[in-house]
Every structure is written in C-alpha cells, then in structure tokens.
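Reviewing the structure listed below.
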Amino acid sequence: MNKKIVAVGLVVILALAALVGGLYFYTQKRMQRDSASKFAAAQALYEAKQLSQAEAQFGEIAQKYPRSDVAPESLRHLALMLQSGGKYNEALARWQSLEKIKNNPHAVETDYYIAACLENIGRKAEALPRYSRVASKPQAGEFASLAKSGLGRIAESEGKIEEARTRYEEAIAQASTPGSRDVAEHLLGNLNLQEFLVPVESEDKKAYLVQRGDSMVKIALREKTTIDLLCAINGISDPTQLKPSKRIVIPHSEFSILIDKSDFKLTLNSHGKFFKSYKVGLGKHGCTPVGEFIIDQKERNPRWWSNEGPVEPGDPHNELGTRWMRLKPLTPNIGTDYGIHGTINPATIGWESSNGCPRMYPAEAEELFMLVSEGTPVTIVQ
0 MNKKIVAVGL
10 VVILALAALV
20 GGLYFYTQKR
30 MQRDSASKFA
40 AAQALYEAKQ
50 LSQAEAQFGE
60 IAQKYPRSDV
70 APESLRHLAL
80 MLQSGGKYNE
90 ALARWQSLEK
100 IKNNPHAVET
110 DYYIAACLEN
120 IGRKAEALPR
130 YSRVASKPQA
140 GEFASLAKSG
150 LGRIAESEGK
160 IEEARTRYEE
170 AIAQASTPGS
180 RDVAEHLLGN
190 LNLQEFLVPV
200 ESEDKKAYLV
210 QRGDSMVKIA
220 LREKTTIDLL
230 CAINGISDPT
240 QLKPSKRIVI
250 PHSEFSILID
260 KSDFKLTLNS
270 HGKFFKSYKV
280 GLGKHGCTPV
290 GEFIIDQKER
300 NPRWWSNEGP
310 VEPGDPHNEL
320 GTRWMRLKPL
330 TPNIGTDYGI
340 HGTINPATIG
350 WESSNGCPRM
360 YPAEAEELFM
370 LVSEGTPVTI
380 VQ
C-alpha cells in the first residue's frame, strides 16, 4: 500500500514538474515573442524618425522584459537616444544597467559612453580611467579613437595644451571611420586655431617691432600673410592706425590647401602638417576639376555673375556668400572661373550641389579667408 502511495506521489510530482516546466517554457517563449515584436516596432518608429515614441517603446521593453534576448539592444538604443538628446544623467543610468548584463555584447561601447556621460556631467576624474581603458584596447575600433579625443578634451579643459594636441593627433591616426576622424580633426583644428591667434611667439609666429613707413598692407605683402590675420592675432581693430615702435606678432604659417572630393573635405595644412579641416560642397555630377591651383585673388562681399546677369553683394540670391577666393589653375585644360566661396544655402555642404566651385559654410569661408593669402597652393584630388 505504501509503495503504491509513493508511486502515485512520484507520478503526481513528475506531472506537476512537467506542468510547471511546460508553463515556464510557454511563458518564456511568449515573453521572447512579445518582446521581439515590440522591439521590431520600436526600431520601425526610430527609423521613421518618431523618436519620442521609439524612446518610450525601448524603455518599456527594458523595464518589462529585462531578461529577454532584446533587452540589451533596447537598453543600448535607449541610452544612445538619451545621450544624443543631451540627457546625460538618464543615459548614464541606462549604460550602467547595460554594463551589469553578463556577456554584454557592447562592452567596449558601453565603457566609452559611460565615460562620455561622466565627462559631460562634470565628473571628469571618473571618465579618465574609462577613456584610457577603451583607448588601450586593440579591439575597440572607432571607440579607441573617440576615447583618445575624450582624453584630449579633458587635458585641454585642464590647460594641458600639448598633451591635448598629442591625444588629438593620436585619435586621428587611430581613426577607423570618417566619423571618429572628423571628431578628432574638429577638436585639433579648433585647438590649433585658438593657439595660433594668441599673440605669443612660437615656431610659426615671430615678434616684430613696427618701423617708420610700415603699414599693415606692406607687412602683410612682405610676410605673405593677411591683414585680417595680423589684426586678429594682435588685437588690432583699425589696421590704418599702426604706430612705429609697436610690437606685433607676425605669423609664418606657409599654408596649403587639399580638397578631397571623395569625402567633401577641405584640409588646411601649415608647413605640410594638419592645421584644420572643413566640410565643403562640390560641383554637381563630379564637375569640380581635379588638379593644382593657387589662390590668385581674394574678394570680400563679391558680386556673383549668374546666367541672368550680375547679383550684387548682400543680395540674398548671391550664391557666393560673403567671401571669394579665386583659383588660378596650374594644371592644363582647366577653366579659370573656379573659386572657393561661401554659400547662401548651408544645407548643400557635403553634397554635389554647385556649378563646380568648392563652397563652404559662411563663417568657415570667412575664417579661411582670414588665414590664407594670395599665392596659397591648392590641390584638388578625386
């Protein structure tokens, strides 16, 4: 009798175990199915640029289905969206949740973005070791370059200019994607310009005592620089009021320009070394010519000659914007009507949008105009 009871008990236990196991399996399968369906819907919202709805959907998945297969990806998407929106504290919390997940497939990325959040909320001391860790990992890819840029930003914020420059240069050398390279070049370019405009002697800036008979025009022509740049470096508001015996700093930069059509980029080099880069718009259907040029004429507030006739400076339809730097071709069989200029339509930068001339954002065209003198060599490559 006892044996029968035991046997029946075992059967009941096994049946219950099978039932519980079946229910668990069914529940898990349904959870994975439902979470996958919601994740697909969230992705569709994201791709349709319905960002607030996508953000809410990813957040719901991460909260409601924390053990689902799509939970890590949902957390990642949510964190990226919060970060891109400048919500660094909220993004940090999501990245830290993702970091706790075992076998996180985005461990390096997570480490980098936690560092970026910490930097942006002022916790730079905590960001430093994370940036250093990511930068040292061979498998980090673009995040190694981005982390070097982060180290450079922190060094620059602490006044460690040479360390910052070194980190930015390393970031450019390590960059494996156009995006990470652009980040580093932007930071290094801004630093180079900022330091260049300080009226202190350096390798490419020398002190000069103004002599009787000197003028800004004479000095600029003699030193192959620009009046605008001399005024910017020396804090001179009126170039006609230059006095003898005044100490000024004169740049000796030897600028050259490289325009790479493949990535719509104008790179300004000084003594053959990177100085700053700018995005440009180029000619429709690849019509911007490839070859060697020099800037042989510069014009402030130029007149534009359209097919319908002249368009005066300041006219909202003047496609040259506020600056014109004419390109004299040194390569045979290239026309003489090309030049680097600004634009009235900034949305065309980064696209084949002009009649052949490289065009720049207005403020950047004015900046380049200040830096380069007539005679500056320009190379355009495919």
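In this text, residue positions in the sequence shown follow numbering that gives the first Met the number 0: the first is 0, and each later residue adds one.
Cβ coordinates follow ideal geometry from the N, Cα and C atoms, glycine included.
CB of residue i within 8 Å of CB of residue j, strictly
i	j	result
residue 290	residue 347	no
residue 257	residue 292	no
residue 352	residue 278	no
residue 71	residue 97	yes
residue 310	residue 322	no
residue 188	residue 276	yes
residue 232	residue 216	no
residue 60	residue 34	yes
residue 339	residue 318	no
residue 364	residue 320	yes
residue 139	residue 151	no
residue 228	residue 369	yes
residue 255	residue 65	no
residue 206	residue 166	no
residue 109	residue 103	yes
residue 148	residue 106	no
residue 143	residue 129	no
residue 80	residue 54	yes
residue 218	residue 288	no
residue 203	residue 252	yes
residue 164	residue 190	yes
residue 274	residue 267	yes
residue 146	residue 134	yes
residue 200	residue 248	yes
Exposure of residue i, with buried meaning 16 or more beta-carbon neighbours within 10 Å
i	result
residue 32	exposed
residue 37	buried
residue 175	exposed
residue 221	exposed
residue 186	buried
residue 180	buried
residue 211	exposed
residue 197	exposed
residue 286	exposed
residue 48	exposed
residue 299	exposed
residue 73	buried
residue 304	exposed
residue 67	buried
residue 244	exposed
residue 224	buried
residue 39	exposed
residue 157	exposed
residue 242	exposed
residue 250	buried
residue 56	buried
residue 29	exposed
residue 379	buried
Beta-ladder partner(s) of residue i, from DSSP
i	result
residue 237	BP columns for residue 237 are empty, so no partner.
residue 378	257 and 291
residue 324	297 and 339
residue 383	With the chain covering 0 to 381 only, the question about residue 383 has no answer from this structure.
residue 206	248
residue 310	303
Where residue i sits in the DSSP three-state scheme
i	result
residue 353	strand
residue 174	coil
residue 331	coil
residue 201	strand
residue 149	helix
residue 63	helix
residue 317	coil
residue 8	helix
residue 133	helix
residue 191	helix
residue 105	coil
residue 68	coil
residue 182	helix
residue 124	helix
residue 58	helix
residue 89	helix
residue 213	coil
residue 36	helix
residue 373	coil
residue 113	helix
residue 47	coil
residue 155	helix
* To do: Tell me the start and end of each unbroken beta strand (DSSP E) in the stretch 221-308 that is at least 3 residues and wholly inside, in chain order.
  => Listed in chain order, they are 246-250, 254-259, 264-269, 272-282, 290-299 and 303-305.
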